[in-house]
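What follows is a set of notes on a single structure, which appears directly below.
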Amino acid sequence: MPAAQIATDPDRPILRFAPSPNGLLHLGHALSAILNHNMALAMNGSFLLRIEDIDLARCTPDYEDAIYRDLSWLGLSWEDPPRRQSEHFETYQEALGRLMDMGLVYPAFMTRGEVKAKVADSEASGATWPRDPDGSPLYPQDDRHLSDTERKRLIESGIRYSWRLDMDKALERVSDALTWREINDGAERLVPADPAAWGDVILSRSDAPSSYHLSVTVDDAAQGITHVVRGMDLYHATSVHRLLQELLGLPQPIYHHHRLILGTDGRKLSKSEGSTGLAALRDAGLGPLDIRGLLGLEG
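Residues in the sequence shown are numbered from 21 upward in steps of one, following our numbering.
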């Protein structure tokens, strides 16, 4: 979508590119970064960079440095300093605490193996287990109904657990039907949001003080993001983000979900595919204009 086709708000537009430093950027990242950068310029807005490094086990300083190097090589510039999620864990915990105070969050103790086994048993008996838009089975509702005494006992036993949103209770707190504003081909439309399709999503876990859903929602509000421009792989996740925005009283950005760059297998690119990595393409002698050509963008 050409940048000039995006409608602007009265206030100055703010866009962002938000990669995770857990691998090298590839062509798909380049498309998203360039679109955000060019759209911000076209609207006389701001282009921000966010480093989504809540996964401390996989994110590294070397990969973060590579992000800066690749974006600079593409000719992109951003307003300093970048927002690093690892510096804002307290902010996410505060948002989680607000949801706890509303009675919308519960501790979930089932491991992935236990969930997998429960789903397999159910499907073996002929039942159909509900799955989210990405195809993963929804989390069983067993932990929703544990007593406070049992929850306390499990927590004190040292067992690992996560905090999940009670989707049914959360939706009861929202009075109106949820929608989001999607802009495509120069036109804006309201898209019905369906957060229930995701079940009881994780908001925090023992090895990460915030989930993607919670941190990205809080970050977009904290940075004043007016336009969220990202890949179609996150289209359905917007339903969860709209719900969290309503629950936490946060502003609603305008959204545009752009096409994905697919690999030879027809699937979206992965950081494990080195042949499409920007560093590898640069080492092979390609320049920034070549990258734009590969992406079908004007120079």
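C-beta: ideal position from N, C-alpha, C; glycine also. As the structure is a prediction and not an experimental result, all values here were calculated from the model.
Check, Outcome
"For the stretch 202-212 against the stretch 256-275, do three or more pairs of beta-carbon atoms, one drawn from each stretch, fall closer than 8 Å, so that the two count as touching?", "yes"
"Which residue's Cα is closest to the Cα of residue 104: 71, 116, 86?", "71"
"For the pair the stretch 114-131 and the stretch 88-100, tell me if three or more CB-CB distances fall below 8 Å.", "no"
"What residues are listed by DSSP as bridge partners for residue 288?", "282"
"Is it buried or exposed for residue 266, if we count other Cβ within 10 angstroms and need 16 for buried?", "buried"
"Apart from the five residues just before and just after residue 112, which ones in its own chain have a Cβ nearer than 7 Å to its Cβ?", "229, 230, 234, 235, 238"
"Does the count of Cβ pairs from the stretch 59-76 and the stretch 254-261 closer than 8 Å reach three?", "no"
"Helix or strand or just coil, what does DSSP make of residue 304?", "coil"
"Count the other C-beta atoms from every protein chain shown that fall within 10 angstroms of the C-beta of residue 144, then say buried if there are 16 or more, exposed otherwise.", "exposed"
"On the CB-based measure, 16 or more other CB atoms within 10 Å of its CB, does residue 297 come out buried or exposed?", "buried"
"Under 7 Å Cβ to Cβ from residue 22, same chain only, skipping five residues before and after it: list those, please.", "Caution applies to residue 22, whose pLDDT of 36 falls short of 50 and renders its modelled position unreliable; the model cannot decide the point."
"If you pair each beta-carbon of the stretch 80-90 with each one of the stretch 218-225, do three or more pairs fall below 8 Å?", "no"
"Inspect the CB distances between the stretch 297-311 and the stretch 138-158 and report whether three or more fall short of 8 Å.", "no"
"Helix, strand or coil: which one does DSSP assign to residue 159?", "coil"
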